[in-house]
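Colleague:
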Amino acid sequence: MPELSLSQANTLIHDVFAEAARRKLPPLAAAVLDSGGHLRALQRQDGLSFLRADICQAKAWAALALGVDSRQLAERLLGDPLQPGFFQALNGMTGGRIVPLPGGLLLRDAAGTVIGALGVAGAASDDDEACALAAIRRAGFNSQQPGGAR
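All letters in the sequence shown, in the order written, are residues 35 to 184 by the working numbering.
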């Protein structure tokens, strides 16, 4: 299985911050996890509250744990009255490691294999996700399976 390098992880974070600057967003935190959910790289920009580092990791971890981008988890939570109980149980089982908000995206290689996840926090969730997606594209990764939209 291909492994996500530290250099690739740092490039993704750099590109997240570059996109945030282009969009004139507030400071962000970005985390890159490997396919096993282990932290590969994390950075928090100056002036950002410390909890955002945990939130960006939880967005990425949620995507990996459930096999879909965290936006899909947010949509599930809003669209089904049974989902709040499901997510409450998941957070109980995982020590609160699931944040079902946009900003956590799977990282796939050219063959569509999940090799990690990128999580971003600090701005509005839609902006977090947009920065993550821009960084993923710039780094040459995919966020969806081959043939998927994005």
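Glycine included, each C-beta is placed from N, C-alpha and C at the ideal position. Predicted model only: the values in this text are computed from it and were never measured.
Considering only residues of the region 91-142, which uninterrupted alpha helix (DSSP H) runs meet the minimum length of 4 residues and lie entirely inside it, listed in chain order?
Modeller: Segments of the alpha helix (DSSP H) lying fully in the region 91-142: 104-113 and 117-128.
Colleague: Which partner residues of residue 178 appear in the DSSP bridge assignment?
Modeller: Residue 178 pairs with nothing; no bridge assigned.
Colleague: Helix, strand or coil for residue 183, going by three-state DSSP, please let me know.
Modeller: Residue confidence for residue 183 is low, a pLDDT of 47 falling below 50, so the modelled location carries little weight; the figure read from the coordinates is stated next. Reduced to three states, the DSSP call for residue 183 is coil.
Colleague: With DSSP as the reference, label residue 34 as helix, strand or coil.
Modeller: Lying before the first or after the last residue shown, residue 34 is absent from the chain, which here runs from 35 to 184.
Colleague: If residue 64 sits next to residue 77, beta carbons under 8 angstroms apart, how far is it from one beta carbon to the other, in whole angstroms?
Modeller: With 8 angstroms as the limit, residue 64 and residue 77 qualify as a contact, their Cβ atoms being about 6 angstroms apart.
Colleague: Residues in the same chain with beta-carbon distance under 6 angstroms from residue 125, minus the five sequence neighbours each way, listed in chain order, please.
Modeller: Excluding sequence neighbours, residue 125 sits near 132.
Colleague: Leaving aside the five residues before and after residue 54 along the sequence, list all residues of the same chain whose C-beta is less than 6 angstroms from its C-beta, in chain order.
Modeller: Excluding residues within five positions, the ones whose Cβ falls inside 6 angstroms are 62 and 165.
Colleague: Whole angstroms is fine: what's the gap from residue 123's alpha carbon to residue 130's?
Modeller: Distance between the alpha carbons of residue 123 and residue 130 is about 9 angstroms.
Colleague: Quick one, are the C-beta atoms of residue 74 and residue 156 less than 7 angstroms apart?
Modeller: Contact: no.
Colleague: What are the boundary residues of the alpha helix (DSSP H) that residue 161 is part of?
Modeller: Run containing residue 161: 159-173, per the alpha helix (DSSP H) assignment.
Colleague: Quick one: what does DSSP say residue 52 is sitting in, helix, strand or coil?
Modeller: Correct three-state label for residue 52: helix.
Colleague: For the region 105-124 against the region 35-43, are there 3 or more C-beta pairs whose distance is under 8 angstroms?
Modeller: The region 105-124 is not in contact with the region 35-43.
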